[in-house]
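These notes are about the structure you will find just below.
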Amino acid sequence: MSAPVAQAAPTTGAERRETPAPPGRAGGAVRGRAVRLQAALGLVPFAAYVLAFLALPTLIAVASGFFDDEGSFTLANVAALGDPVILRTFWNSAWLSALTAVVGAVVGAAACYALIGLEGTGTRAVVDAAAGVLAQFGGVMLAFAFIATIGLQGLVTIWLQDAFGIDLFADGAWIYELPGLILPYLYFQVPLMIITFMPALSALKPQWAEANLTLGGTRTGFWRHVGIPVLAPSFLASLLLLFANAFSSYATAAALASQGSQIVPLQIRTALTSETMLGRENLAGALALGMIAVMALTMWGYSAVQRRAARWQR
Amino acid sequence: MSGPGFAPRPAVRWAIGIVLVVLFAIPIVSMAEYTLRDAASGHSLAHWLALVDPANAGRYRPIWTGLGNSVVLAVTTVAIVLLLLAPTMVLVRLRFPKLRLPFEFVVLLPITIPAIVLVVGLAPIYLWIGRTFGTGIWTLAFAYGITVLPFAYRAIQSSIDATDVRTLAEAARALGAGWPTVLWRVLAPNLRPGLIAAALISVAVVLGEFTIASLLNRQNLQTALVVVGKQDPYASVSLSLIALVFAFALLVVIGRAGRPRGARTNQKGRS
């Protein structure tokens, strides 16, 4: 972080277009340089914070995967990533995240569409608050909510049994296994989509719709030729964010899937807390590395798409 | 009609709204029903009365400690977002436009680096913090500030993108305003929707956080729910429901306070 900061001060000098001196306040070259230095100093507190609480812990976590408990360098932990059990776990995490991200994004976008033009109303305030609560509802509360709903004694389970004679768990108690995570995950994915995608919809300019109408366009035509092309990058960016969110989600699964380690975060916890797993105490670091690799790929896609989204938001 | 020309027809709006509200209400209704069950397969307030029974006060004390800790953490985390992240974003936008992409890369990293990964590296750091600054709960907000970074960034950045920050700042500077005035009296009101959204999502994240607190052995609302839930599942469902309603009410209040004061009258004037 410190290197780009140091480079930034001279480059802004060339960018005179970006910071024209206000008329009557141009104070000469010396003063200009001092102001730029002051501006660069403004970046220091945030840079220091990120270094101490993001860069440093990440380095420690990943580096621990390359050392055994005696402190000497080893590749044994990283090699364990090729283990069929571990690969299966990564595959489980990937499809669970992809499924809930796609469904969550489509349903969330529909909700955003229904909310157009309601800015500043009571409805919008309630939806914003509810989405804020539910989007990070993860963990224990979410697990309890779904145990009370579609658990073995859940309200919906009992209702289906009494009213239609349908046994939700005829094939076993899947709520405590991987498929049981789909509905709880959607319960936080859809609200997260509303939160992340709504600003993009709000940035659609009413003037574009007016221009479309003035030129004889229809409402459908507006969405086909203006709305959807403009929103597509934002939609895709939000979708990738949802995937990342599901992939790294830990607490819900920890509370619901009581047995086994079906997804990567649970596998990390097992590696952290159990000392007997595969005989490798620092496997957690290697799993963390594998997880970061998948996430980095996703976020690389996100930033590429987001660059296109920014085009219409200037 | 209200809203821009591309707003949905009322029938479509209602159809989507009703379906989603019903689907999302089911788990909440189920939780409420679950807490009202009693042993004789009927319904009563037995489990709720047990919560307020003084005889059980000791059993439920962790909840109140955890709730207090979570509130302290939420306030500290929002302060980090509004006083550290937001001004830095404005500074990058105004003075270092070439840093925008590297900056975005850094603030989105916490999505790439999940809490469960971060906590492995945070453990030794918090050992040191504990020895230097004491084991006060508020220090955990430094870690939470990192976990909310991507969400807060997206909220604030969409407001910055939708606002002509540069022109506003230049106009204010040309009229003789200092930078604190520009930030506080010119930019902050214009960026209010993004700042409010960032605060909302930060509060929600902190109130729901479990991973870091539990693995660093700190007590917050979620870890307290687990502790109490092990002895009394009905209590933990009841308390989860209370926590949800509490968080929801909190966010409604914050959302109301932050709404631009003229918004309603403006909309009426336009339609």
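Chains B and L, in that order, are what the protein sequence lines are.
Quick note on numbering: this note's numbering labels position 16 of the first sequence as 16, and the sequence is numbered without any gaps.
With the second sequence counted from 1, adding 1000 to any position gets you this note's numbering.
In this text, a Cβ means the ideal position worked out from N, Cα and C, and glycines have one as well.
This structure is a prediction, so every number in the text was calculated from the model and none was measured.
In the structure shown, what three-state DSSP assignment does arginine 1061 of chain L receive?
Taking the second sequence and counting its residues from 1, the one referred to as residue 1061 of chain L is at position 61. Helix, per DSSP.
Three or more beta-carbon pairs under 8 Å between the segment 39-47 of chain B and the segment 1090-1108 of chain L, yes or no?
Yes, the segment 39-47 of chain B is in contact with the segment 1090-1108 of chain L.
When you compare the CB positions of glycine 1066 of chain L and threonine 1223 of chain L, do they come within less than 9 Å of one another, or not?
Your numbering for residue 1066 of chain L matches position 66 in the second sequence. Your numbering for residue 1223 of chain L matches position 223 in the second sequence. Yes, these two residues count as a Cβ contact at 9 Å.
Going by beta carbon distance, what residues of the same chain come within less than 7 Å of alanine 1141 of chain L, once the five residues before and after it are set aside?
Sequence index remark: in the second sequence, residue 1141 of chain L carries index 141 (1-based). Once the five neighbours on either side are set aside, the close Cβ partners of alanine 1141 of chain L are Leu1073, Thr1076, Thr1077, Ile1080.
Okay, do the segment 1194-1212 of chain L and the segment 1155-1167 of chain L touch, 3+ Cβ pairs below 8 Å being the bar?
Yes, the segment 1194-1212 of chain L is in contact with the segment 1155-1167 of chain L.
When the Cα of proline 1097 of chain L is compared with those of L/Ile1063, L/Val1165, L/Leu1118, L/Ala1123, which residue comes out closest?
Within the second sequence, residue 1097 of chain L is the residue found at index 97, counting from 1. Proline 1097 of chain L has its Cα closest to that of L/Val1165, out of L/Ile1063, L/Val1165, L/Leu1118, L/Ala1123.
Quick one: is alanine 288 of chain B buried, meaning 16 or more other Cβ sit within 10 Å of its Cβ, or exposed?
Sequence index remark: in the first sequence, residue 288 of chain B carries index 288 (1-based). Counting Cβ neighbours within 10 Å, alanine 288 of chain B comes out buried, since at least 16 surround it.
For valine 1206 of chain L versus tyrosine 1144 of chain L, is the C-beta spacing smaller than 9 Å?
If you number the second sequence from 1, residue 1206 of chain L lands on position 206. If you number the second sequence from 1, residue 1144 of chain L lands on position 144. Yes, these two residues count as a Cβ contact at 9 Å.
Starting from arginine 224 of chain B, follow the alpha helix (DSSP H) in both directions and report where the run begins and ends.
For the purposes of this step, residue 224 of chain B is taken as residue 224 along the first sequence, with counting starting at 1. Arginine 224 of chain B -> no alpha helix (DSSP H), and no H or E assigned at all.
On the criterion of 16 or more Cβ atoms from any shown chain inside 10 Å, does phenylalanine 222 of chain B qualify as buried, or is it exposed?
Taking the first residue of the first sequence as 1, we reach residue 222 of chain B at position 222. Buried: at least 16 other Cβ atoms inside 10 Å.
How many Å lie between alanine 98 of chain B and leucine 1049 of chain L at the Cα?
By 1-based counting over the first sequence, the position of residue 98 of chain B is 98. By 1-based counting over the second sequence, the position of residue 1049 of chain L is 49. Cα to Cα, alanine 98 of chain B sits roughly 43 Å from leucine 1049 of chain L.
Please give me, in chain order, every unbroken run of the alpha helix (DSSP H) with length at least 4 that falls completely inside the segment 77-128 of chain B.
Entirely contained in the segment 77-128 of chain B, the alpha helix (DSSP H) runs reaching 4 residues are, in chain order, 84-114.
Give me the chain B residues within the contact set of aspartate 1232 of chain L, using Cβ-Cβ distance strictly less than 7 Å, ordered along the chain.
Counted from its first residue, the second sequence places residue 1232 of chain L at position 232. Going along chain B, no residue has its Cβ under 7 Å from aspartate 1232 of chain L, so there is no contact; the nearest lies around 12 Å.
Just how far apart, CA to CA, sit alanine 1123 of chain L and serine 1214 of chain L?
As a working note, residue 1123 of chain L is residue 123 in the second sequence. As a working note, residue 1214 of chain L is residue 214 in the second sequence. Roughly 11 Å between the two C-alpha positions.
Return yes when the Cβ of alanine 1204 of chain L is within less than 9 Å of the Cβ of alanine 1247 of chain L, no when it is not.
For the purposes of this step, residue 1247 of chain L is taken as the residue at position 247 of the second sequence. For the purposes of this step, residue 1204 of chain L is taken as the residue at position 204 of the second sequence. Yes, the Cβ-Cβ distance between alanine 1247 of chain L and alanine 1204 of chain L is below 9 Å.
By a C-beta neighbour count over all protein chains shown, 10 Å radius and 16 as the cutoff for buried, is glutamate 210 of chain B buried or exposed?
Residue numbering aside, residue 210 of chain B sits at position 210 when the first sequence is read from its first letter. Flag for glutamate 210 of chain B reads exposed.
Phenylalanine 1096 of chain L by DSSP, collapsed to three states: which one?
Walking along the second sequence from the start, residue 1096 of chain L turns up at place 96. Correct three-state label for phenylalanine 1096 of chain L: coil.
Which two residues bound the contiguous alpha helix (DSSP H) that contains isoleucine 195 of chain B?
By 1-based counting over the first sequence, the position of residue 195 of chain B is 195. Residues 182-202.
Considering only their Cβ atoms, is the gap separating phenylalanine 188 of chain B from threonine 149 of chain B smaller than 9 Å?
Here residue 149 of chain B corresponds to residue number 149 of the first sequence, with the count starting at 1. Here residue 188 of chain B corresponds to residue number 188 of the first sequence, with the count starting at 1. For threonine 149 of chain B and phenylalanine 188 of chain B, no; Cβs fall outside 9 Å.
Among the residues of its own chain, which have a CB less than 7 Å from the CB of phenylalanine 67 of chain B, if the five just before and after it don't count?
The sequence position of residue 67 of chain B within the first sequence is 67, counting from 1. Taken in chain order, the residues that qualify are Phe73, Thr74, Asn282.
How would you write the range of the alpha helix (DSSP H) that glutamate 210 of chain B sits in, first residue to last?
Looking up residue 210 of chain B in the first sequence gives position 210. Start and end: 206-214.
Note down, in chain order, each residue of its chain lying with its Cβ closer than 7 Å to the Cβ of asparagine 1220 of chain L, except the 5 sequence neighbours on either side.
By 1-based counting over the second sequence, the position of residue 1220 of chain L is 220. Within the same chain, asparagine 1220 of chain L has close Cβ partners Gly1066, Asn1069, Ser1070, Leu1073, Glu1209, Ala1213.
How long is the line joining the alpha carbons of alanine 1055 of chain L and isoleucine 1146 of chain L, rounded to whole angstroms?
Residue 1055 of chain L sits at position 55 when you count from the first residue of the second sequence. Residue 1146 of chain L sits at position 146 when you count from the first residue of the second sequence. Computed Cα separation, rounded: 41 Å.
Pull the bridge partners of histidine 1043 of chain L from the DSSP assignment, please.
Sequence index remark: in the second sequence, residue 1043 of chain L carries index 43 (1-based). L/Arg1037, per the DSSP bridge assignment.
At which residues does the alpha helix (DSSP H) containing tyrosine 1153 of chain L begin and terminate?
Position 153 of the second sequence, counted from the first residue, corresponds to residue 1153 of chain L. Where tyrosine 1153 of chain L is concerned, the enclosing alpha helix (DSSP H) stretches over 1140-1162.
What whole-angstrom Cβ distance do methionine 141 of chain B and alanine 1243 of chain L have, given they're in contact under 8 Å?
Locating residue 141 of chain B in the first sequence gives position 141, counting from the first residue. Locating residue 1243 of chain L in the second sequence gives position 243, counting from the first residue. Correct: roughly 6 Å between the Cβ atoms.
Classify asparagine 1217 of chain L as buried or exposed, calling it buried when 16 or more other Cβ atoms lie within 10 Å of its own Cβ.
Residue mapping note: residue 1217 of chain L aligns to position 217 of the second sequence, counting from 1. Label assigned to asparagine 1217 of chain L: exposed.
Please list the partners that serine 1219 of chain L has in chain B, where partner means a Cβ-to-Cβ separation under 9 Å.
As a first step, residue 1219 of chain L must be located in the second sequence, where it is residue number 219. Residue 1219 of chain L is actually glutamine in this sequence, not serine. Here the premise fails: no neighbours, minimum Cβ distance about 14 Å.
Answer with buried or exposed for alanine 309 of chain B, where buried requires no fewer than 16 other C-beta atoms within 10 angstroms of its C-beta.
Walking along the first sequence from the start, residue 309 of chain B turns up at place 309. It counts as buried.
Going along the segment 43-58 of chain B in order, which residues come within less than 9 Å of chain L, judged by CB to CB distance?
The residues in question are Leu43, Pro45, Phe46, Ala47, Tyr49, Val50, Ala52, Phe53, Leu54, Ala55, Leu56, Pro57, Thr58.
Among the residues of its own chain, which have a CB less than 6 Å from the CB of proline 23 of chain B, if the five just before and after it don't count?
Here residue 23 of chain B corresponds to residue number 23 of the first sequence, with the count starting at 1. Any answer about proline 23 of chain B is weak, because its pLDDT of 48 lies below 50 and its placement is not dependable; what the coordinates show is given next. Closer than 6 Å at Cβ, skipping near neighbours: no residue.
Give me the chain L residues within the contact set of valine 126 of chain B, using Cβ-Cβ distance strictly less than 8 Å, ordered along the chain.
Position 126 of the first sequence, counting from 1, holds the residue named residue 126 of chain B. What valine 126 of chain B touches in chain L: Val1252.
Can you look up phenylalanine 1210 of chain L in the DSSP assignment and give me helix, strand or coil?
For the purposes of this step, residue 1210 of chain L is identified with residue 210 of the second sequence, where counting begins at 1. Phenylalanine 1210 of chain L: coil per DSSP, three-state reduction.
Looking at C-alpha atoms only, which residue of B/Val305, B/Tyr113, B/Trp174 is the closest neighbour of leucine 204 of chain B?
Residue 204 of chain B sits at position 204 when you count from the first residue of the first sequence. Cα-wise, what sits closest to leucine 204 of chain B is B/Tyr113.
Nearest CA to the CA of isoleucine 263 of chain B: which residue from B/Pro84, B/Thr89, B/Leu54?
By 1-based counting over the first sequence, the position of residue 263 of chain B is 263. The shortest Cα separation from isoleucine 263 of chain B among B/Pro84, B/Thr89, B/Leu54 belongs to B/Thr89.
Verify the CB distance criterion: does valine 1182 of chain L have a CB-CB separation below 9 Å to chain B?
In the second sequence, the residue the question calls residue 1182 of chain L occupies position 182. Chain B, which has no Cβ nearer than 9 Å to the Cβ of valine 1182 of chain L, makes this no.
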